[in-house]
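**Student:** The structure is given below, and queries will be raised subsequently.
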Amino acid sequence: MNVTATVDMIMQQLVCSSAARKALVEGEGAVAPLITDPAARQEYLCDCCLEPCDRCPRSLEVGGDLSDPASVSSVIGAKMSDLTNPSAGADLFTPGGANGDRFSATAFWQEATK
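Offset between the sequence shown (1-based) and the working numbering: plus 1082.
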């Protein structure tokens, strides 16, 4: 199994979330945004499909937005736990698990027949 493809959607959900956007391009209160270069800021917004651009025909489907650090921690933590905790292996293939049906038999078949 390709690890990059396995965690790609989780990574996109984290990096393209409202919480990440606030930290990276907007800042909050006295805390300045981490991306200060306007070109790099625009590239981030385009890569995440947060603003229209040539590379982005529609918004990313990443499993929902994460609006604050607490939701980042709980949602991403649960998804990664399904992948890394051997005792939670069964949850990985359960549609009711943190990763939804991402690793279901149907999802595997759809990916294999692209």
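All C-beta atoms, glycine included, are put in the ideal place defined by N, C-alpha and C.
1. Report, in whole angstroms, the separation of the C-beta atoms of Leu1106 and Pro1115, which I expect to be a contact under 8 Å.
2. Whole angstroms is fine: what's the gap from Cys1135's alpha carbon to Ser1169's?
3. Asp1147: buried (16+ other C-beta within 10 angstroms of its C-beta) or exposed?
4. Name the DSSP beta bridge partners of Glu1125, please?
5. Output the residue ranges of the alpha helix (DSSP H) runs that lie fully inside the region 1099-1145 and measure 4 residues or longer, sorted by chain position.
6. What are the start and end residues of the alpha helix (DSSP H) that includes Ser1155?
7. Once the 5 residues before and after Met1091 are set aside, which same chain residues still bring their CB inside 6 Å of it?
8. Which residues in the same chain as Asp1150 place their Cβ atom closer than 6 Å to its Cβ, once the five residues preceding and following it in sequence are excluded?
**Tutor:** From the atom records:
1. On the sequence shown, position 24 is the one that residue 1106 refers to. On the sequence shown, position 33 is the one that residue 1115 refers to. Yes, they are in contact, since the Cβ atoms of Leu1106 and Pro1115 sit about 6 Å apart, within 8 Å.
2. The residue given as residue 1135 occupies position 53 in the sequence shown. The residue given as residue 1169 occupies position 87 in the sequence shown. Each residue's alpha carbon lies about 43 Å from the other.
3. Translated into the one-based positions of the sequence shown, residue 1147 becomes position 65. Counting Cβ neighbours within 10 Å, Asp1147 comes out exposed, since fewer than 16 surround it.
4. Here residue 1125 refers to the residue found at position 43 of the sequence shown. DSSP output for Glu1125 lists no bridge partner at all.
5. 1100-1103 and 1120-1129
6. Walking along the sequence shown from the start, residue 1155 turns up at place 73. Per DSSP, Ser1155 belongs to the alpha helix (DSSP H) from Pro1151 to Thr1166.
7. Position 9 of the sequence shown, counted from the start, is the residue given in the question as residue 1091. Around Met1091: Val1144.
8. On the sequence shown, residue 1150 is found 68 positions in, with the first residue counted as 1. Result list for Asp1150: Ala1101, in chain order.
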